[in-house]
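> Sharing a structure here in structure tokens format.
Right under this line is the structure:
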């Protein structure tokens, strides 16, 4: 046997394969820069968060993002790394260097004022003791610039920093303010006349935080920390099958798809004629494998009593129509004539690429009958419930489709429905390790000498009920005495000692006699 044969046999013995070095076709790492067509978030210094999409042109028009009742183009953001700070100019968003922050640097910025305050408290200078706000009266006459002059400064394309300097120079009470009041005054004017924002990637936590600030009732007051606990308690990972029923605008479904990375199945239950999560799922920038892992199951298939063999006579019309289509299929005459009207070949290729992607999605998505068969053919590894309906009835309908010894998570805004569900599961011995918890998190302002929790936060982020399903036949909480005796005989007594055989006893006696 030659050396090459020895090397191959050794690799095979170690479990290696010649295809191990090939890249994973489903593992597509996200870009660190903003790409064409991707959705993004803009975080402003005043706490606002705005959604946007990076596009060049759509039907001859430049797509824009709306900020302060004004539209700004997004084509100049293509290729920018996430985390870039942008300054809102008159007609566009200006990328700033990497060392810039959301709050523009100013001689009276809060970071420098903190040092001055600490130094003045130690030295006790006379100037610091003389300046206070007791003689300042708000009469709306301290600012020499009127509204008309400020509008002219903005319309003359003057930089925001210069407008802030003009406002400070024309303020008659600015010199009398304390250092802390000066810093707050400067930051407030910068946020209005020199706004900045940060480019943030759209992920599950960032989208949840933005939607929580925008419309918390639409997502059932679901916070980003609660979303993380749902994924953790549900043991969601790549390769598992998750059965989810949510009315949180699709936030949890999109986060599950991002977490699993295209491996496994997500069976999302919906009501009505069709699901209504396409808008929010598009903001997750899901890849083709990630979006293909989501299958939509109607709630009627969950509550119906049909079994696996009841659909033998049922014909899947949509699947038959899909099988008739020959792929690749030739273009129809009206489509060919429409393409010939395009002025350039690049636009023709762009149109054909979009059309091919649409056909690919249509041909690869599962039909309702296929999605129902997925639920009936295999037990799911996790169940997630976050609905506005009765939590007990919803969970009891999904539990038969959950495998034994697998976790489930139920989220609700209020504790009363989860309390009834907890008692029902405990009374019927349907689950173990039941835990009803309140997700509590507070946002703090961290500044030297001024650290305190925010006073305008919500009191609760919802409640979670978690547990592990018991087997409906063999799952019992208490072991009878006969079963305990059998286990002790196999394990060797109460302390786990194995009973000795007669041969071992004779050998021990011989060893003692020789000693």
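In this note's numbering, the protein residues as written are 1479 to 1993. Glycine included, every Cβ here is placed at the ideal spot set by N, Cα and C.
#1: My parser needs the beta strand (DSSP E) runs of 3 or more residues fully inside the stretch 1884 to 1949; what are they?
#2: Taking its Cβ as the centre, do 16 or more other Cβ atoms sit within 10 Å of residue 1920, making it buried, or is it exposed?
#3: Per the contact definition of three or more C-beta pairs closer than 8 Å, is the stretch 1720 to 1735 in contact with the stretch 1862 to 1873?
#4: Let's test the definition: count the other Cβ atoms within 10 Å of the Cβ of residue 1738 and tell me whether it reaches 16, buried, or not, exposed.
#5: Spatial neighbours of residue 1872 within its chain, please: C-beta separation below 7 Å, excluding the five flanking residues on both sides.
#6: For residue 1748, name the three-state secondary structure that DSSP assigns.
#7: In chain order, what residues of the same chain lie with their CB nearer than 6 Å to the CB of residue 1715, ignoring the 5 residues before and after it?
#8: Tell me the residue span of the alpha helix (DSSP H) that contains residue 1829.
#9: Go ahead and pull the three-state DSSP assignment for residue 1717.
#10: Give a yes or no on contact between the stretch 1827 to 1842 and the stretch 1691 to 1700, applying the rule of three or more CB pairs nearer than 8 Å.
#11: Applying the criterion that 16 or more other CB atoms from any shown protein chain within 10 Å of the CB defines a buried residue, is residue 1825 buried or exposed?
#12: Is the number of C-beta pairs between the stretch 1567 to 1582 and the stretch 1664 to 1675 that are closer than 8 Å three or more?
#13: Can you find at least 3 beta carbon pairs, one from the stretch 1756 to 1771 and one from the stretch 1892 to 1903, that sit closer than 8 Å?
#14: Give me the residue from 1734, 1918, 1749 with the minimum Cα distance to residue 1742.
#15: According to DSSP, simplified to helix, strand and coil, what is residue 1770?
#16: Per DSSP, what kind of secondary structure is residue 1625 in: helix, strand or coil?
#17: For my contact list, residue 1712 and residue 1885 are in at a C-beta cut-off of 8 Å; report their separation, rounded to the angstrom.
#18: Helix or strand or just coil, what does DSSP make of residue 1659?
#19: With distances taken between CB atoms, is the gap from residue 1857 to residue 1909 smaller than 8 Å?
#20: Could you check which residue in 1774, 1684, 1638 has the C-alpha nearest to that of residue 1745?
#21: Does the Cβ-Cβ distance between residue 1528 and residue 1543 come in under 8 Å?
#22: Does the CB of residue 1886 have a neighbour CB from chain C at under 8 Å?
#23: Can you tell me whether residue 1655 sits near the ligand ATP, meaning its C-beta is under 7 Å from at least one heavy atom of the ligand?
#24: For residue 1555, is the classification buried or exposed, using 16 other Cβ atoms within 10 angstroms of its Cβ as the cut-off for buried?
#25: Taking residue 1523 as the reference, which of 1563, 1534, 1631, 1888 has the closest Cα?
#26: In this structure, does DSSP put residue 1808 in helix, strand or coil?
#27: Report buried or exposed for residue 1516, applying the criterion of at least 16 other Cβ atoms within 10 angstroms of its Cβ.
#28: Which residues share a DSSP beta bridge with residue 1542?
#29: Determine, using beta-carbon pairs with one atom in the stretch 1615 to 1635 and one in the stretch 1648 to 1664, whether at least three such pairs fall under 8 Å.
#30: Taking the continuous beta strand (DSSP E) assigned at residue 1966, which residues delimit it?
#31: Taking only the alpha-carbon atoms, compute the straight-line gap between residue 1572 and residue 1643 and give it to the nearest angstrom.
Reading off the structure:
#1: 1885 to 1890, 1909 to 1916, 1941 to 1947
#2: exposed
#3: yes
#4: buried
#5: 1723, 1863, 1865
#6: strand
#7: none
#8: 1823 to 1842
#9: coil
#10: no
#11: exposed
#12: yes
#13: no
#14: 1734
#15: helix
#16: helix
#17: 6 Å
#18: helix
#19: no
#20: 1774
#21: yes
#22: This model lacks chain C altogether; it includes just one protein chain.
#23: Because no ligand of any kind appears in the structure shown, any question about the ligand ATP cannot be addressed here.
#24: buried
#25: 1563
#26: coil
#27: buried
#28: 1551
#29: yes
#30: Careful: residue 1966 lies outside any beta strand (DSSP E), inside the alpha helix (DSSP H) at 1959 to 1969.
#31: 20 Å
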